[in-house]
Amino acid sequence: MSGFFDIPSDLQHSWAGLIGLHLREALIPVAAGLLLALPVAQLCGRFRWLYPPVLGLTTVLYAIPSLAFFVVLIDYTGQTELTVMIPLALYSLVVLIPAIVDGVRSVPDETLAAATAMGFGPVRRYTQVQLPIAAPAVIAGLRVATASSISLVSVGALIGNQGALGNLLAAAQKYDRPELAVNAVITMAVLAILCDALLVLLRVLLTPWMPRGAQPGTRSAAGPGKFREAEAEAL
Amino acid sequence: MNIFDFAHAFFGDSANWQGYDGIPQRFLEHLQYSLLALAVAAAIGLPVGLLTGHTGRGGNALAFIANAARALPSFGLLVLVVLLIGFGLLPVMIPLVVLAVPPILVTTYEAVRTVDPSPVDAARGMGMRESRILFQVEVPVALPLILSGLRSAAIQIVSTATIAAYVSLGGIGRYIIDGLYQRDYEKVVGGATLVAFLALVTLVLFWAAGRFVVSPGVRRREGRAKDSRARTAE
Amino acid sequence: MTSTAKSSWSRTRHTGAAAVALTAATALLAGCSSGGTSDNPLEEEKAEAGTVVVGSNNFAESTLLADIYGEALKAKGLKVTYKHNIGSRETTYGLMKNGSITVLPEYNGSLLAYLDPEAEQESPDAVNTAVKAKLDKKLTLLDPSPAEDKDSVSVNAETAKKYELTASSTLADLKDAAPELVIGGSPEFQTRRQGLEGLKSVYGLEFKSFKALDAGGPLTQAALAQNEVQAADIFTTDPTIVKEKFVVLGDPENLFGFANVTPLVHKDALSPEGVDALNEVSAKLDTETLLDLDAQVQLDKKDPLDVAKAWLESAGLV
Chain A
1 MSGFFDIPSD LQHSWAGLIG LHLREALIPV AAGLLLALPV AQLCGRFRWL
51 YPPVLGLTTV LYAIPSLAFF VVLIDYTGQT ELTVMIPLAL YSLVVLIPAI
101 VDGVRSVPDE TLAAATAMGF GPVRRYTQVQ LPIAAPAVIA GLRVATASSI
151 SLVSVGALIG NQGALGNLLA AAQKYDRPEL AVNAVITMAV LAILCDALLV
201 LLRVLLTPWM PRGAQPGTRS AAGPGKFREA EAEAL
Chain B
1001 MNIFDFAHAF FGDSANWQGY DGIPQRFLEH LQYSLLALAV AAAIGLPVGL
1051 LTGHTGRGGN ALAFIANAAR ALPSFGLLVL VVLLIGFGLL PVMIPLVVLA
1101 VPPILVTTYE AVRTVDPSPV DAARGMGMRE SRILFQVEVP VALPLILSGL
1151 RSAAIQIVST ATIAAYVSLG GIGRYIIDGL YQRDYEKVVG GATLVAFLAL
1201 VTLVLFWAAG RFVVSPGVRR REGRAKDSRA RTAE
Chain C
2001 MTSTAKSSWS RTRHTGAAAV ALTAATALLA GCSSGGTSDN PLEEEKAEAG
2051 TVVVGSNNFA ESTLLADIYG EALKAKGLKV TYKHNIGSRE TTYGLMKNGS
2101 ITVLPEYNGS LLAYLDPEAE QESPDAVNTA VKAKLDKKLT LLDPSPAEDK
2151 DSVSVNAETA KKYELTASST LADLKDAAPE LVIGGSPEFQ TRRQGLEGLK
2201 SVYGLEFKSF KALDAGGPLT QAALAQNEVQ AADIFTTDPT IVKEKFVVLG
2251 DPENLFGFAN VTPLVHKDAL SPEGVDALNE VSAKLDTETL LDLDAQVQLD
2301 KKDPLDVAKA WLESAGLV
């Protein structure tokens, strides 16, 4: 009873069950973060003075350690998945908002003028012109947010079995079974890589006008790089 | 009781300011872990990033390594390494360095690679050796971006170093973990405030460093470049 | 000119489709949540009527005992769910009060020390009576079992040799050595009466420093064995005491009191059959049995649920 896939009964999930749980706890916050970031970024694009304080606020939120966030939230949301997901959603904003703002800003004036000339209203222009052109930058942001979200879920193990695959880490420690920790680390890493690959695929599908050869490496580098520049602007 | 009351109670209690579990001691420990991890990560990330950025080779391999490292969960690595090799500073350094290398590596590579090629070509035409081109032409221009990579790594380290407390080490994380198990919100909020404060100090220090070490000419050009970037397409 | 216009047209169409795809992907992702099972995160964390929620603290023996209780209740036809590895007593007691969990394996004297640090502990039954007087009105303790698992201050073999401590030594003998020793224990040990506080006020022990580890788990065992700490809070049923030749120091002032394994239950949650089932378990559970079951989990790495079921069967309880 100490095999690689022998999950202790007190976790109440199979290995596959933990994976499902982990994906849910990690990805919903990123999706929620994206839904939240879109309007905020739009406002920051419209009112430039808003951008530095928003960036400052998200950076401060980002600096709060996840565990402290979880512990304080327990009083409001209990020892539940929601307690884990709220901070993760907020963390994702620090990457997503700058990604969207910079992406939307990068749309050339001529393109916007052309869209207006074709009779596009502001809403249609935003959803059909600006957002799609911003897609590579937004997805670069999503890639960073997703990877960190998948990693951070595991800390939820410390507030009572709320860390999905992270619970394996707590169990590894509690029962002194290192193979469970190996399992958890490898599984989480593979999940992160798979999600990343899916996002790259999504980008290729969303941006058919871009050369296929555009290498993912430089993309991902451009994402956080931009985020940092934007952050520098905030100071 | 709201969060500010908790923070006030925590910082107002003189017992929290002395001894091995006092704020100065825990703060110093945190600083020690963070600086050490940043130094090691920079020692790995900067040379590799500079070299690959200068030659323009190995970008794909680099992106692959960075993405793989980013996929490794810090907390998981910590628990795993402790189970495998036991107590000490090393189990904490490994996850922190793995966390910090990708941003440093990727940004440095990107910073050097995207330096305007004309001054580089000019320098080469003047007969400058490659090492001088790198350190006297490319690095000064790339410095703002390189610093931003270091800063991003530093902030992540400061925030993540709290997990060291889970495996019985010190640092500010001690207050957060202890507060969780002792059901003591003052400690949790106090600890979180200290970490956020340290992160803020880190931001300010990097900003100041940017003012100090980046050549004024580059700084001005950065501003102009940003303006033009905002207007034109990628 | 026309060709430019055309390409820009097709681009717009593409991008429109892309926007739709992006939205769809987001919606799909968000949809995962509604596909989830019972745990609507917004619902009140209350136990469903008729379901017993057995909780456990964050150490192996607690999980094992919770499994024993849960399986014994299931055998009587009760509906049982588990909430394992919650944390320390400081957390689980709150969850018992608000009904998020309704049955919890407790240690009667340790619970008393939590509720009333100054209380005298004279006998297990007196302790039970005292606890019931202090408990939240919605909660009660069932019969204590003879099985006892106390906190203890134990030193490793190296320290025992250095300071000439033997099996007959007590905490009082540690007074001179303490300032040179690092003591380890769970984070909550630092602030508990049955922890650093009591060691100081009752025995006058002031250690060099305190190292926060886990609740008598592998971290504490390893730290003591490797001399990272020289003394530690080790549970008296810990199988590593024998294995690593730790010396458990006597407690003449009875600081660590009695710690008989006793179910803490929410009054409304348990039917009379449920109460009987748990009392039957307690009647058969003695310290020797507990030691054996702990060793199966901690040394033989058996799954606690399997160990629980096997014991219930052999004891004729299911």
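First to last, the protein sequences are chains A, B and C.
Mapping the first sequence onto the numbering used here, position 168 (from 1) lands on 168, and the numbers just tick up by one.
Mapping the second sequence onto the numbering used here, position 201 (from 1) lands on 1201, and the numbers just tick up by one.
Mapping the third sequence onto the numbering used here, position 46 (from 1) lands on 2046, and the numbers just tick up by one.
Cβ atoms here follow ideal geometry from the backbone N, Cα and C, with glycine treated the same way.
Candidates the options: closest to residue i by CA position
i: Ser1159(B); options: Leu1083(B), Leu1145(B), Phe1075(B) and Ala1209(B); result: Phe1075(B)
i: Lys2137(C); options: Asp2286(C), Gln2296(C) and His2266(C); result: His2266(C)
i: Phe1197(B); options: Thr59(A), Asp102(A) and Leu194(A); result: Thr59(A)
i: Thr2102(C); options: Lys2076(C), Thr2129(C), Asn2085(C) and Leu2139(C); result: Leu2139(C)
i: Val200(A); options: Ala189(A), Val182(A) and Val144(A); result: Val144(A)
i: Gln2194(C); options: Ala2277(C), Lys2083(C), Tyr2114(C) and Asp2300(C); result: Tyr2114(C)
i: Ala1003(B); options: Val1189(B), Leu1205(B), Val1213(B) and Arg1219(B); result: Checking the sequence shown, residue 1003(B) turns out to be Ile, not Ala. The residue with the shortest Cα to Cα distance from Ile1003(B) is Val1189(B).
i: Gly2077(C); options: Ala2147(C), Tyr2069(C) and Lys2083(C); result: Tyr2069(C)
i: Leu1169(B); options: Gly1058(B), Asp1005(B), His1030(B) and Phe1010(B); result: His1030(B)
i: Arg24(A); options: Ala63(A), Gly163(A), Asp176(A) and Gly103(A); result: Gly163(A)
i: Ser2123(C); options: Val2281(C), Ala2259(C) and Gln2296(C); result: Ala2259(C)
i: Asp2268(C); options: Glu2071(C), Met2096(C) and Arg2089(C); result: Met2096(C)
i: Pro2252(C); options: Ala2147(C), Thr2063(C), Arg2089(C) and Asp2173(C); result: Asp2173(C)
i: Gly1171(B); options: Leu169(A), Gly141(A), Lys174(A) and Pro65(A); result: Pro65(A)
i: Ile1163(B); options: Ile159(A), Val155(A), Tyr126(A) and Ala170(A); result: Val155(A)
i: Pro1119(B); options: Trp1017(B), Gly1019(B) and Val1218(B); result: Val1218(B)
i: Gly1051(B); options: Leu1134(B), Ala1041(B) and Leu1028(B); result: The sequence given here places Leu at residue 1051(B); Gly does not occur at that position. Answer by Cα proximity: Leu1134(B).
i: Leu1105(B); options: Ser1034(B), Pro1216(B), Ser1014(B) and Ile1065(B); result: Ile1065(B)
i: Leu147(A); options: Gly17(A), Ala26(A), Gly20(A) and Phe5(A); result: One detail in the question is off: residue 147(A) reads as Ala in this sequence, not Leu. Among Gly17(A), Ala26(A), Gly20(A) and Phe5(A), the Cα nearest to that of Ala147(A) belongs to Ala26(A).
Beta-carbon gap between residue i and residue j smaller than 7 Å
i: Thr1193(B); j: Ala1007(B); result: yes
i: His22(A); j: Leu165(A); result: yes
i: Val2127(C); j: Gly2109(C); result: yes
i: Ile1157(B); j: Ala1063(B); result: no
i: Val2202(C); j: Leu2255(C); result: yes
i: Thr2262(C); j: Leu2141(C); result: yes
i: Leu61(A); j: Leu90(A); result: yes
i: Gly2204(C); j: Lys2175(C); result: yes
i: Leu2249(C); j: Leu2317(C); result: no
i: Gln2190(C); j: Leu2196(C); result: yes
i: His1165(B); j: Arg1151(B); result: Checking the sequence, you will find Ala at residue 1165(B) rather than His. Cβ atoms of Ala1165(B) and Arg1151(B): not closer than 7 Å.
i: Ser149(A); j: Leu88(A); result: yes
i: Lys2150(C); j: Thr2287(C); result: no
i: Val1214(B); j: Leu1143(B); result: yes
i: Gly45(A); j: Val101(A); result: yes
i: Pro8(A); j: Asp2303(C); result: yes
Nearest-angstrom Cβ-Cβ length linking residue i and residue j, presumed shorter than 8 Å
i: Gln1182(B); j: Pro2187(C); result: 6 Å
i: Val2052(C); j: Leu2270(C); result: 7 Å
i: Ser1148(B); j: Thr1202(B); result: No, Ser1148(B) and Thr1202(B) are not in contact; Cβ-Cβ is about 12 Å, not under 8 Å.
i: Tyr1185(B); j: Gly1191(B); result: Contact flag wrong, Cβ pair sits at about 10 Å.
i: Ala99(A); j: Val138(A); result: 5 Å
i: Pro1091(B); j: Leu1078(B); result: 6 Å
i: Ile1176(B); j: Val71(A); result: 7 Å
i: Asp2233(C); j: Gly2185(C); result: 3 Å
i: Gly2055(C); j: Leu2135(C); result: Not really, about 16 Å apart at Cβ, beyond 8 Å.
Residue i beta carbon near the ligand MN (any heavy atom closer than 6 Å)
i: Ser1131(B); result: For the structure depicted, the ligand MN is absent and the ligand set is empty, with no information on it obtainable.
Report the residues of the segment 2107-2121 of chain C with a CB closer than 8 Å to any CB of chain B, ordered along the chain. Answer in chain order: no residues at all.
Using a Cβ-Cβ cut-off of less than 8 Å, give me the residues of the segment 1144-1164 of chain B that come near chain A, in sequence order. Flagged, chain order: Pro1144, Leu1145, Ser1148, Gly1149, Arg1151, Ser1152, Ile1155, Val1158, Ser1159, Thr1160, Thr1162 and Ile1163.
Taking any Cβ of chain C, which residues in the segment 70-91 of chain A have a Cβ under 9 Å from it, in chain order? Against chain C - using a Cβ distance shorter than 9 Å - the residues of the segment 70-91 of chain A are Ile74, Thr77, Gly78, Gln79, Thr80, Glu81, Leu82, Thr83 and Met85.
Residues within the segment 2223-2234 of chain C neighbouring chain B, beta-carbon criterion of under 8 Å: Answer in chain order: Ala2223, Gln2226 and Glu2228.
Would you mind listing the beta strand (DSSP E) stretches within the segment 1183-1215 of chain B that are 3+ residues and don't spill past its ends, in chain order? Complete beta strand (DSSP E) runs here, min 3: none at all.
Of all the alpha helix (DSSP H) runs that stay within the bounds of the segment 1020-1082 of chain B, which reach a length of 4 or more residues? Correct list: 1023-1055 and 1059-1071.
Interfacial residues, the segment 1054-1080 of chain B to chain A, with Cβ spacing under 8 Å: If the cut-off is 8 Å between Cβ atoms, the segment 1054-1080 of chain B has Gly1059, Asn1060, Leu1062, Ala1063, Phe1064, Ala1066, Asn1067, Ala1068, Arg1070, Ala1071, Leu1072, Pro1073, Ser1074, Phe1075, Gly1076, Leu1077, Val1079 and Leu1080 near chain A.
Residues from the segment 151-164 of chain A in contact with chain B, defined by Cβ distance under 9 Å: Listed in sequence order: Ser151, Leu152, Val153, Ser154, Val155, Ala157, Leu158, Ile159 and Gly163.
Mind listing, in chain order, the continuous beta strand (DSSP E) runs of no fewer than 3 residues lying wholly within the segment 2198-2242 of chain C? Within the segment 2198-2242 of chain C, the complete beta strand (DSSP E) runs of at least 3 residues are 2209-2212 and 2231-2233.
Please list the residues of the segment 2192-2219 of chain C that have a C-beta atom closer than 8 Å to any C-beta atom in chain A, keeping them in chain order. Asp2214, Gly2217, Pro2218 and Leu2219: these are the residues of the segment 2192-2219 of chain C whose beta carbon lies less than 8 Å from some beta carbon of chain A, given in chain order.
Members of the segment 2142-2169 of chain C near chain B, C-beta cut-off 7 Å: Answer set for the segment 2142-2169 of chain C: empty.
Length at least 4, wholly inside the segment 118-148 of chain A: the alpha helix (DSSP H) runs in chain order: Fully enclosed alpha helix (DSSP H) runs of 4 or longer: 122-125.
If the cut-off is 7 Å on Cβ atoms, which residues from the segment 1083-1107 of chain B count as contacting chain C, listed in chain order? Answer in chain order: Gly1086 and Phe1087.
Anything in the segment 8-39 of chain A with a Cβ closer than 8 Å to a Cβ of chain C? List those residues in chain order, please. For the segment 8-39 of chain A, the set of residues with a beta-carbon nearer than 8 Å to any beta-carbon of chain C comprises Pro8, Ser9, Asp10, Leu11, Gln12, Leu23, Arg24, Leu27, Ile28, Val30, Ala31, Ala32, Leu34 and Leu35, in chain order.
Taking only runs of the beta strand (DSSP E) that begin and end inside the segment 2238-2292 of chain C, which ones reach a length of at least 3 residues, in chain order? Taken in chain order, the complete beta strand (DSSP E) segments of 3 or more residues contained in the segment 2238-2292 of chain C are 2261-2266.
I'd like the ranges of any alpha helix (DSSP H) spanning at least 4 consecutive residues and lying wholly in the segment 2047-2129 of chain C. Counting only runs of at least 4 residues, the segment 2047-2129 of chain C fully encloses the following alpha helix (DSSP H) elements, listed from N- to C-terminal order: 2060-2075, 2089-2097 and 2108-2115.
Check each residue of the segment 1170-1200 of chain B: if its Cβ is closer than 8 Å to any Cβ of chain C, include it; give the result in chain order. Listed by position, the residues of the segment 1170-1200 of chain B near chain C (Cβ gap below 8 Å) are Arg1174, Ile1177, Asp1178, Leu1180, Tyr1181, Gln1182, Arg1183 and Asp1184.
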